[in-house]
Structure formats: C-alpha cells, structure tokens
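Novice: In my numbering, the protein residues as written are 21 to 151. For every residue, glycine included, the Cβ atom is placed at its ideal position computed from N, Cα and C. Please read all numbers here as calculations on a predicted model, not as lab measurements. I'd like to ask you about the structure that follows.
In structure tokens form, the structure reads like this:
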C-alpha cells in the first residue's frame, strides 16, 4: 500500500495540475464538466492520501472510493477516444481521433487508477479479516 499511497499524491497532481496546464482555466467555458470531474478526482485523491497519512479509521474506505472514482472517471474518456481512433472518426472536435498520444496517455492513467483501485480493495478486504 505504500506504493499506492505515493502514487495517490502523484495522480492528484496529474489530475489537478495536468488538466490546468493542458487545457488552461479558460476551458471551463468550453466544457466545465470535464474540468470539474478531473479537479474533483484530484481533490478526492489528495484527501485520501492526507487521511491515509493521519491513520484515521476510514482511510482505507476513502482511498478505495477515491481510486474507484478515478477509475470510473477515466474509463469513458479513454474508451471513447480509443474507439474514435480505431474507427478513424472524430466524435468531439477537442479530441481528434488522430491524436494517438492522448489515447495512450488516457489508457495509462486509467490503468494506474484501476491497479490502485484493485490494490486498495485487496487492502480493505485484508483489513476486514484482521479486524
């Protein structure tokens, strides 16, 4: 879990700072939902890491929930962009299907979220057994 704990801080920064640097705050006027979703995910991950560090009783639950949110939140952007690339069709003008680097990046972020979610779930299960 120590690795997941460290990755949680890194991914919180990726979601918050990465989205801001990539799109800029002006993107709120284009697609506020995307920005809010990424910022919320980053804040949930940051909160989970801080609560984990404090050792609070609900730290495992919050960590698992934050990674579940990240996994679910990244699935549609990754899968939709992958489908667009595979079909050779641009579904959204701000996600051109030719941009394979974005598909790969979204896939890597989704895979990290999924792996950390799985590890968090296993940790939660093991914590329940020992309690």
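1. Grouping DSSP H, G and I as helix and E and B as strand, with all else coil, what is residue 117?
2. Less than 8 angstroms between the beta carbons of residue 101 and residue 128, yes or no?
3. Taking the alpha helix (DSSP H) that residue 76 belongs to, which residues open and close that run?
4. Under 8 angstroms: do the segment 79-91 and the segment 53-69 share three or more Cβ pairs, one atom per stretch?
5. Any chance the segment 129-140 sits against the segment 75-87, with 3 or more Cβ pairs inside 8 angstroms?
6. Measure the alpha-carbon distance for residue 113 versus residue 146 and round it to whole angstroms.
7. Expressed to the nearest angstrom, what Euclidean distance is found between the alpha-carbon atoms of residue 35 and residue 61?
8. Note down the Cα distance separating residue 52 from residue 120, rounded to an integer number of angstroms.
9. Closer than 6 angstroms by C-beta to residue 31: which residues in its own chain qualify, once you throw out the five before and the five after it? Chain order, please.
Specialist: According to the structure shown:
1. Residue state, collapsed to three classes: coil.
2. Not closer than 8 angstroms, so no.
3. No alpha helix (DSSP H) contains residue 76, which DSSP labels as neither H nor E.
4. Contact between the segment 79-91 and the segment 53-69 is present, because at least three Cβ pairs lie under 8 angstroms.
5. With a cut-off of 8 angstroms, the segment 75-87 and the segment 129-140 count as touching, because enough Cβ pairs lie within range.
6. If you take the alpha carbons of residue 113 and residue 146, they lie about 45 angstroms apart.
7. So the two alpha carbons sit approximately 7 angstroms from each other.
8. Inter-residue distance for residue 52 and residue 120 is about 24 angstroms (C-alpha atoms, whole angstroms).
9. So the list reads 65, once near-sequence residues are dropped.
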